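*Asks:* If you read the sequence shown in numbering that gives the first Met the number 0, its first letter stands for residue 0, the second for the next number, and so on.
Glycine residues also receive a C-beta, built at the ideal position from the N, C-alpha and C atoms.
Computed from a prediction, not measured in an experiment: that's the story for all the values here.
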Amino acid sequence: MQKVPFDKLIWEKRNGYVLPASMDCVCGFCNTLACLQTKYSSKDDQLESIFMTGRCIHCGETSKIWIFPFKTEQQWKDNNRECECWIYPKAEIRNYKFTETDINSERIMRAYREAIDTFNAGKPISSINSCGRVVEGIAKTNFPNIGNTNQIGKLFTKLKSESEKLPEEFSNLLSPLSSLGEALRIGRNTAGHFDFEKEPDKNLASKILDLTEFLMQYVYTLDGEADKVEKLILELVPQEP
Ligand SMILES: [Zn+2]
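1) Between Val218, Tyr219 and Lys201, which lies nearest to Cys29 when the distance is taken from Cα to Cα?
2) Could you give the residue range of the beta strand (DSSP E) that holds Tyr219?
3) Using 8 Å as the cut-off, can you tell me whether the region 44 to 52 makes contact with the region 61 to 72, which would need three or more C-beta pairs spanning the two stretches below that distance?
4) Going by CA-CA distance only, name the one from Pro88, Thr117 and Val134 that's closest to Cys55.
5) Go through its chain and collect everything with a Cβ distance to Thr98's Cβ below 7 Å, but skip five positions before and after it.
6) Between which two residues does the alpha helix (DSSP H) harbouring Glu11 extend?
7) Using a Cβ-based criterion (distance less than 7 Å to any ligand heavy atom), does Glu60 qualify as near ligand 1?
8) Quick one: residues in its chain with C-beta nearer than 6 Å to the C-beta of Glu241, no 5 flanking neighbours on either side, listed in chain order?
9) Along the chain, where does the beta strand (DSSP E) containing Tyr87 start, and where does it finish?
10) Quick check: what's the CA-CA separation for Phe213 versus Arg112?
11) Nearer than 7 Å: is that true of the beta carbon of Ala33 relative to any heavy atom of ligand 1?
12) Which residues mark the beginning and the end of the beta strand (DSSP E) in which Ala20 is found?
13) Can you tell me where the alpha helix (DSSP H) with Thr117 in it begins and where it stops?
14) What is the DSSP secondary structure of Val3, counted as helix, strand or coil?
15) May I have the straight-line CA-CA distance separating Pro19 from Asp77, to the nearest angstrom?
16) Report the partner residues of Gly53 according to the DSSP bridge assignment.
17) Can you tell me whether DSSP reads Lys42 as helix, strand or coil?
18) As a quick exercise: from Cys58, Glu72 and Gly131, pick the residue whose alpha carbon is nearest that of Ile207.
19) Going by the beta-carbon positions, is the gap between Leu203 and Ile127 smaller than 8 Å?
20) Tell me whether Phe97 sits in a helix, a strand or coil according to DSSP, three-state version.
21) Could you check where the alpha helix (DSSP H) with Glu72 kicks off and where it finishes?
22) Give a single yes or no on whether Phe69 has its beta carbon closer than 7 Å to a heavy atom of ligand 1.
23) Give the DSSP bridge partners of Ser48, in chain order.
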């Protein structure tokens, strides 16, 4: 469920109550900012809530809407208008978790913004590709000893196997990090993604974005933690053949 901000609702009087006639929100079916036209469905006096449906004018699908507490015309007139509007299903829109202030590299920030923007635009492959560039950028900037892209790929593979041998606190820390190797692998294979058994989808893109943000948080926003991770990573850096 997602909450629809009050100012996105257009209200109207209906049978003694004041209800949203339409609302502008990101539709949970097509993930597009669209207008939903509402229809009254039922009322629960005990919970003081009204259940409605909303049809997206973009894709035609119908979302479920709850208003609580409901407001009568009289309450509305008395300026007693505080209520919440919730909608289901929830749209999968991601917001930027970092700003330019957090990330001191313009290139990494640009790739990160592309990863979020393409995810929200429903382009999971482009999003994964951008995540791969973020990870590669971070690895090259922060761990220069790692060297070229192939070495970074090897590092992640090595991290994965090594993390299984480490004490639990370290393996927990490194395990999500090591999964980022997947982002690089898929990112580099974008042009030939037909090689995959299954098309990379939104779920995979969402997971890789989570991991990319996890890495960014560690490296850029948690002071000290990055040093710990860097030390661990440097110990595992594969040697150039
Ligand atoms: Zn829609």
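*Replies:* According to the structure data:
1) Reading the sequence shown from its first residue, position 30 is the one you call residue 29. The shortest C-alpha separation from Cys29 is found at Lys201.
2) Translated into positions along the sequence shown, residue 219 becomes position 220. Tyr219 -> no beta strand (DSSP E), and no H or E assigned at all.
3) yes
4) Residue mapping note: residue 55 aligns to position 56 of the sequence shown, counting from 1. Nearest option by C-alpha distance: Pro88.
5) Mapped onto the sequence shown, residue 98 falls at position 99. Around Thr98: no qualifying Cβ.
6) Indexing the sequence shown from 1 puts residue 11 at position 12. That residue, Glu11, is in no alpha helix (DSSP H); its beta strand (DSSP E) goes Leu8 to Arg13.
7) On the sequence shown, position 61 is the one that residue 60 refers to. Correct: Glu60 has its Cβ closer than 7 Å to ligand 1.
8) Since the first and last residues shown for the chain are 0 and 240, residue 241 lies out of range.
9) The sequence position of residue 87 within the sequence shown is 88, counting from 1. That run of the beta strand (DSSP E) goes Glu83 to Tyr87.
10) Looking up residue 213 in the sequence shown gives position 214. Looking up residue 112 in the sequence shown gives position 113. Taking the straight line from one Cα to the other gives about 15 Å.
11) In the sequence shown, counting from the first residue as 1, residue 33 sits at position 34. The answer is yes for Ala33.
12) On the sequence shown, residue 20 is found 21 positions in, with the first residue counted as 1. Per DSSP, Ala20 belongs to the beta strand (DSSP E) from Tyr16 to Val25.
13) Within the sequence shown, numbered from 1, the residue matching residue 117 stands at position 118. Looking at the DSSP string, the run of the alpha helix (DSSP H) that includes Thr117 is Glu105 to Asn119.
14) As a first step, residue 3 must be located in the sequence shown, where it is residue number 4. Correct three-state label for Val3: coil.
15) For the purposes of this step, residue 19 is taken as residue 20 along the sequence shown, with counting starting at 1. For the purposes of this step, residue 77 is taken as residue 78 along the sequence shown, with counting starting at 1. So the two alpha carbons sit approximately 18 Å from each other.
16) By 1-based counting over the sequence shown, the position of residue 53 is 54. DSSP lists Thr37 and Ser62 as partners of Gly53.
17) Start at 1 with the first residue of the sequence shown, and residue 42 comes out as number 43. Here Lys42 sits in strand by DSSP.
18) Within the sequence shown, residue 207 is the residue found at index 208, counting from 1. The shortest C-alpha separation from Ile207 is found at Gly131.
19) On the sequence shown, residue 203 is found 204 positions in, with the first residue counted as 1. On the sequence shown, residue 127 is found 128 positions in, with the first residue counted as 1. Going by C-beta atoms, Leu203 is nearer than 8 Å to Ile127.
20) Counting from 1 along the sequence shown, the entry for residue 97 is found at position 98. Three-state DSSP puts Phe97 in coil, outside helix and strand.
21) In the sequence shown, residue 72 corresponds to position 73, counting from 1. Its alpha helix (DSSP H) spans residues Glu72 to Lys76.
22) Within the sequence shown, residue 69 is the residue found at index 70, counting from 1. Not under cutoff, so the answer is no.
23) As a working mapping, residue 48 is identified with position 49 in the sequence shown. Beta-bridge pairing links Ser48 to Asp43.
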